[in-house]
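Written out below as structure tokens is the structure these notes cover.
Protein chains in written order, with the numbering used here: chain P, 23 to 421; chain F, 168 to 533.
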């Protein structure tokens with residue numbers, strides 16, 4: 023029997039992690055293929071993860087902390103259809119380069135798939151090569167395809183859900199890769215089933231400068247949970263940060279209540295109308311800001327100091343009334359013009375406090391979202407004129 | 168006209184100023200279309216789209232270094248097929264124009280259902296053959312501003328006298344006005360950065376670029392007046408600047424905005440010492456030829472007289488504006504005007520009007 027020195031033993035124990043550093047990095051950079059929520063996937067050592075819950079022989083829930091093999095196990099946690107599928111890859115500490123054993127957090131899936139399923143549909147297990155950078159990504163992708171097929175098979179056992187699924191594919195004109203299904207109801211037990219679908223929200227008319235302001239892919243997902251057969255489904259909206267920056271956070275968007283008896287397809291169409299209207303408003307806001315800035319430039323072009331030439335959120339002009347010169351900061355926000363008008367702050371060129379020049383925000387600015395930009399600018403000008411004397415007096419007193 | 172005004176006029180005349188004839192288009196005699204002409208400085212660095220519909224053609228008016236009079240109207244979209252909505256906001260990439268000019272003719276598209284009048288045709292032809300030179304897109308990229316402050320105190324310098332009778336030295340007033348400049352510039356865009364150079368017999372780089380105006384203000388407070396020197400070598404100033412900065416590299420500067428740009432504001436305060444390039448102008452020329460380097464000058468001086476060299480100094484400082492993009496301002500011992508000019512200097516070099524077009528008066532509606 024060959025005795026392995028302690029140092030080599032420790033090294034061998036850590037071998038899976040060191041060996042797959044490149045592969046893990048590959049997935050971090052390129053994303054996890056086959057899942058809609060790619061950014062939420064996690065790869066970790068078993069020892070870093072929480073204990074895995076399994077069902078005991080009597081059906082009780084047990085929490086396992088497989089200490090004995092924790093250093094040789096990689097956990098790949100994949101968000102899927104509103105839940106998580108965790109793949110446990112157990113490596114042989116003596117031969118870490120060999121194909122790992124696999125188990126899954128979905129016990130039913132584990133017990134359903136056969137060796138033949140793995141041989142046919144997860145070919146990377148037969149072609150296991152630890153020198154390949156994307157070997158883990160290939161494995162994950164193939165397992166997910168297998169899991170997807172398993173879920174679709176279960177979907178066929180639930181006629182109502184099957185009809186909902188097919189109608190969604192047709193109505194949204196999305197592919198099977200854009201929808202994840204998790205079927206958890208059986209004849210004996212009915213628990214929550216879920217659909218997670220990528221909504222085809224088009225941003226093609228949104229000015230690129232707004233889309234490019236945030237990194238990442240602009241994705242819009244709707245999760246629909248079916249808690250019980252007779253109960254109404256529960257919608258949840260998930261937006262990528264890019265989309266949120268355009269139309270607001272998902273939590274702030276009031277989803278319409280689910281009318282009793284409505285099909286998922288009809289409800290999703292309402293959601294799409296809501297989101298498309300939000301996008302239209304974002305575009306309108308941008309265009310109106312542009313028009314407003316252009317109108318200010320038309321009227322005060324010879325006094326412009328600086329303006330936001332990309333998003334048209336702000337313009338600063340220098341003005342003079344009876345030899346008194348001052349700055350006017352005019353800010354527009356994402357809620358302009360629908361919900362509020364321009365914010366105007368007068369700022370002094372002559373007087374300051376310790377940290378900043380004396381300034382005054384105009385609070386009596388008349389505004390209507392129905393006005394054209396020329397009218398808005400005219401009213402802004404009038405408000406400035408009406409306030410300039412008091413600003414001049416107060417800036418002398420304040421400094 | 169004062170000599171200073173004459174200088175400004177000569178500078179304006181020397182600048183490239185293509186002038187187009189200003190005209191209105193009227194084709195079918197239908198005057199029901201509302202028309203208005205608005206002066207519009209060319210703020211969006213893009214060709215202005217000319218739109219025509221149902222026999223109307225819109226012509227571009229006179230251009231003066233980017234100032235274009237645009238005949239604008241609301242198009243009735245039911246009247247055919249307008250090319251695009253009007254406005255100075257339509258932007259298209261410039262394409263393969265290798266020079267810093269663009270030709271308006273590429274963007275002028277005229278549709279006419281009816282015959283154009285002869286006058287309109289002539290104007291359209293003139294527009295087609297006109298070029299408007301443009302250096303950089305009018306984007307408010309972050310500025311890296313180098314403040315070069317002259318700390319020389321000449322014998323006999325008069326102080327600033329305020330309305331309440333108080334007196335302050337020239338350097339004190341410059342510090343005070345600069346403080347407001349820094350605070351206002353930071354409020355406009357917190358991305359702007361500032362560096363401080365003090366100019367005495369040689370320029371000294373005091374503060375490196377920082378976006379915290381308070382740092383510069385604190386360093387400025389410590390600056391003390393120094394006795395006047397017999398010479399002022401501008402070569403050393405621009406040599407120092409050239410070694411401290413790294414001009415951004417852009418493949419197509421007339422189209423692509425740079426990540427940042429440099430502006431030097433030279434605040435010169437001597438009335439008896441002519442600033443000169445005693446060691447050559449190579450580095451100055453290298454800097455000034457870059458579209459991402461702008462030099463502005465604020466000259467604070469005694470009242471011009473035969474006993475000083477204010478006018479000659481101002482002539483020399485005006486001569487630093489080789490491209491016509493600089494602001495060269497001068498002020499005697501007028502505190503309000505000094506602060507006003509620091510306000511003028513707040514304007515972003517890529518978006519501000521040329522100096523001769525500046526006008527701040529807010530006219531009441533009546």
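Glycine is no exception: its CB is placed at the ideal position from the N, C-alpha and C atoms.
query	result
Residue 527/F: contacting residues in chain P (beta-carbon distance under 7 Å)	325, 340, 341, 342, 347
Listed by chain order, chain F residues near residue 406/P by CB distance under 9 Å	529
Beta-carbon proximity check, residue 246/P vs residue 269/P, cutoff 8 Å	no
CA nearest to the CA of residue 401/F, picked from 312/F, 393/F, 305/F, 462/F	462/F
Secondary structure of residue 418/P, DSSP reduced to three states	helix
Buried or exposed (CB count within 10 angstroms, at least 16 for buried), residue 219/P	buried
Cβ neighbour criterion (16 or more within 10 Å) applied to residue 180/P	buried
Length at least 4, wholly inside the region 245-323 of chain P: the alpha helix (DSSP H) runs in chain order	263-269, 286-322
Residue burial classification, residue 445/F (beta-carbon count within 10 angstroms, cutoff 16)	exposed
Local conformation of residue 416/F per DSSP, three classes	coil
Proximal chain P residues relative to residue 347/F, where beta-carbon distance stays under 9 Å	370, 371, 372, 373, 374, 379
Under 8 Å from the C-beta of residue 351/F: neighbouring residues of chain P	349, 369, 371, 379
The region 391-401 of chain F touching the region 344-352 of chain F, judged by at least three CB pairs closer than 8 Å	no
Three-state secondary structure (DSSP) of residue 379/P	strand
Same chain only: Cβ atoms within 6 Å of residue 59/P, ignoring 5 sequence neighbours per side	101
Span separating the alpha-carbon of residue 392/P from that of residue 355/P	17 Å
Residue 126/P - partner residues in DSSP beta bridges	109/P
Exposure of residue 428/F, with buried meaning 16 or more beta-carbon neighbours within 10 Å	buried
Beta-carbon proximity check, residue 430/F vs residue 312/F, cutoff 8 Å	yes
Nonlocal neighbours in the same chain, by C-beta distance under 7 Å from residue 453/F, ignoring five residues either side	409
Contacts that residue 330/P makes with chain F (C-beta to C-beta distance below 7 Å)	307
Short-range partners of chain P found in the region 353-376 of chain F, where Cβ spacing is below 7 Å	354, 355, 356
Assigned secondary structure, residue 443/F (DSSP; H/G/I helix, E/B strand, else coil)	strand
Under 8 Å between C-beta atoms of residue 366/P and residue 352/P	yes
Contact set between the region 428-441 of chain F and chain P, restricted to residues whose Cβ is under 7 Å from the partner	none
Per-residue burial, residue 173/P [other beta carbons within 10 Å of its own, 16 or more giving buried]	buried
Proximal residues, the region 502-514 of chain F versus chain P, C-beta separation under 9 Å	502, 503, 506, 507, 509, 510, 511, 513, 514
Short Cβ contact (8 Å threshold) for residue 367/F with residue 328/P	no
Supposed close pair residue 535/F, residue 499/F - CB separation, criterion 8 Å	Nothing about residue 535/F can be reported from this structure: the residues present for chain F run from 168 to 533 only.
Assigned exposure category for residue 195/F - 16 Cβ within 10 Å defines buried	Because the pLDDT at residue 195/F is just 31, under 50, the model does not fix this residue reliably, and the point stays unresolved.
Reference residue 436/F, options 325/F, 415/F, 371/F, closest by Cα	325/F
Secondary structure of residue 149/P, DSSP reduced to three states	coil
C-beta contact flag for residue 333/P and residue 232/P at 8 Å	yes
Under 9 Å from the C-beta of residue 520/F: neighbouring residues of chain P	323, 324, 325, 326
Cα-Cα separation between residue 426/F and residue 338/P, rounded to whole angstroms	21 Å
Span of the beta strand (DSSP E), counted from its first residue to its last, around residue 329/F	No beta strand (DSSP E) holds residue 329/F; DSSP gives it neither H nor E.
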